[in-house]
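Undergrad: Mind looking over this structure? Questions follow.
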Amino acid sequence: MEMKYLFETIIKNIRQSLLITDSNGKLEFFNASTEKMWNYSEEELKNMNINDLFYFESSYTEDNKISQISDLFLFENWNGEIYAKNKENSVFCLKVSICQIFEENSNVKKYLIISENIEEKKSLLSQLKLKDEELQKSIKNLENAQFMMIEEDKLANLGHLSAGIAHEINNPLGFIISNFGTLKKYVEKLNEIILLYKSLLANSQEGMCLVKDEVANVESLERKYNLDFIMDDIDELLKDTEGGIERVQKIIAAMRNFAHSSLEKNFEQYDLNYGITNTLVIAKNEIKYNSNIEIELDEIPQVEAIPSEINQVILNLIINSSHAIKEKQEKADLDYFGLLKIYTFSDDLFVSCVIEDNGTGIPKENLDKIFEPFFTTKPIGKGTGLGLSIAYDIIKNTHKGDLIVDSVLGEGTKITIKLPIRHEEQEEVTQNE
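What follows is the structure in structure tokens.
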């Protein structure tokens, strides 16, 4: 009796609907949850068939539409989702299990149907799906916004450096233009001498006396124009002009490499030493009037990276160092010339670049804040506070590397960029942590 009472209590109180039907689907047993689920009374349910409780227009089993619930009695066991309709004609979804059962000592087949209302779950899943789509859209918008911030920061840096870059281009361009003017005059003088040579050659058959006069004229003109000097100077002018053209080409190539960007953000093989060298070409005029530069670039392997983004980080850090040195110079009573050190090295997993200056340094209380967006200690209009935040995001999040800052107020700052040699392997390590 105790066991029977226990089972009756369980059946009465479970929230799932329990139904037992005969082989034709007529209800023979149902629990209280069945009445609650369909809103029918006990008397109403006693006279109903299982086919009266389900909504077949919306119910499917894999590839086949259900015409009536008894179609599922063909299966020994069946599990799936079926739509039902309650007394008020409201449609809801059920998770259903059907199995064949037999009476004790009898071959009479009956069916046990256990149903759980999952309409609320499906509604929540639908809402979650919608929220997920909205979240993915927001992430995409954030990625686009981040890309625009990076591009704007890049353009801001180029704008800040534009005067210095123009100066770096104007220097070689100035003597290229000057050399061109000199070469043009030399060519005019050489043409005059060459015309006399041609005249001398034409008149050489007409008599020695005439030839002697022509030779005298040529020699006089050579002395007048200092032909030996012109010939020597032409070589020097061409060498200087070629060097100037190469400098301009180098600056333009460095700017192109720095400014190049891609929405696809493709990782490719990147030479960190080459990136540093290119970036220094762009930043040279920013540094040379306030700092000496020490560069020591070890032989290091290439890394998998987005070149334009790493170049931008390097430029941001160099500009920050230059500003820190300038600020210290402005505060110092004595003449103070800064020192900027840049060196690279590698181990089995990472290549590293250290950018070290002897500028103002960073207050200890600000070290934990320097990578926060919009945090800056510069006066209004002097900085956006995005440079280090963008640098941190590029190195730490995009490239799975590290950006380490060591600084002592009044002495200077050392920043170490660590980039994984194999980005994909480091990404897997990061995901597993």
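Residue numbers for the sequence shown follow this note's numbering, beginning at -18 and rising by one.
From the three backbone atoms N, C-alpha and C, an ideal C-beta is built for every residue, glycine too.
Tell me the residue span of the beta strand (DSSP E) that contains GLY420.
TA: Residue 420 lies beyond the residue range present for the chain, which begins at -18 and ends at 414; the question has no answer from this structure.
Undergrad: Could you give the distance in angstroms between the alpha-carbon of ASN60 and the alpha-carbon of CYS80?
TA: Answer to the nearest angstrom: the Cα atoms are 9 Å apart.
Undergrad: Closer than 8 Å to a non-hydrogen atom of the ligand MG - does that hold for the CB of ASP279?
TA: Here there are no bound small molecules, and the ligand MG is not part of this structure.
Undergrad: Report the partner residues of GLN250 according to the DSSP bridge assignment.
TA: According to DSSP, which records beta bridges pairwise, GLN250 is partnered with GLU285.
Undergrad: Quick check: what's the CA-CA separation for LEU278 versus SER333?
TA: So the two alpha carbons sit approximately 10 Å from each other.
Undergrad: Excluding five sequence neighbours on each side, which residues of the same chain lie with their C-beta closer than 6 Å to the C-beta of ALA372?
TA: If we look at ALA372 and ignore the five residues flanking it on each side, its Cβ neighbours are VAL294 and ASN297.
Undergrad: Look at GLY391 and GLY342 and say whether their C-beta atoms are less than 9 Å apart.
TA: Their beta carbons are under 9 Å apart, which means GLY391 touches GLY342 by this criterion.
Undergrad: Pull up the DSSP beta-bridge partners for ILE398, would you.
TA: Answer is CYS334 and LEU384.
Undergrad: Quick check on the burial criterion: 16 or more other C-beta atoms within 10 angstroms. Buried or exposed for GLU227?
TA: Its Cβ having fewer than 16 others within 10 Å, GLU227 is exposed.
Undergrad: Give the secondary structure of GLY342 by DSSP, where H, G and I count as helix, E and B as strand, and everything else as coil.
TA: Reduced to three states, the DSSP call for GLY342 is coil.
Undergrad: Does the segment 300 to 316 come within contact of the segment 346 to 353, defined as at least 3 CB pairs closer than 8 Å?
TA: The segment 300 to 316 is not in contact with the segment 346 to 353.
Undergrad: DSSP three-state call for ASN20: helix, strand or coil?
TA: Coil, per DSSP.
Undergrad: For MET18, count neighbouring C-beta atoms within 10 Å of its own C-beta (all shown protein chains included) and say buried if the count is 16 or more, exposed if not.
TA: Buried is the call here.
Undergrad: How close, in whole Å, do the beta carbons of ILE402 and PHE331 come, if the pair is a contact with beta carbons under 8 Å?
TA: Right, the Cβ-Cβ distance comes to about 7 Å (below 8 Å), so this counts as a contact.
Undergrad: Give the DSSP bridge partners of ALA65, in chain order.
TA: ALA65 pairs with PHE35 and PHE73.
Undergrad: With respect to the alpha helix (DSSP H) encompassing ILE(-9), which residues constitute its N-terminal and C-terminal limits?
TA: It spans -17 to -6 - the alpha helix (DSSP H) in which ILE(-9) sits, taken as one unbroken run.
Undergrad: Between the alpha carbons of GLU114 and ILE268, how many angstroms are there, rounded?
TA: When rounded, the distance between both Cα atoms is 48 Å.
Undergrad: What's the C-alpha gap between LYS118 and ASN292?
TA: The alpha-carbon atoms of LYS118 and ASN292 are separated by roughly 29 Å.
Undergrad: Run the CB neighbour count on GLY256, radius 10 Å, all protein chains shown included, and call it buried at 16 or more, exposed below.
TA: Label assigned to GLY256: buried.
Undergrad: Based on DSSP bridge pairs, tell me the residues matched to ILE82.
TA: Partner(s): LYS91.
Undergrad: Give the range of the beta strand (DSSP E) segment to which PHE415 is assigned.
TA: Any property of residue 415 remains undetermined from this structure, which presents the chain solely from -18 to 414.
Undergrad: Buried or exposed: ASN122, going by 16 or more other Cβ atoms within 10 Å of its Cβ?
TA: So ASN122 ends up on the exposed side.
Undergrad: Is GLN283 near LEU253, with beta carbons less than 9 Å apart?
TA: Yes.
Undergrad: Given PHE11, which residues of its chain have a CB within under 6 Å of its CB, disregarding the five upstream and five downstream residues?
TA: Here the set comprises LEU0 and LEU26.
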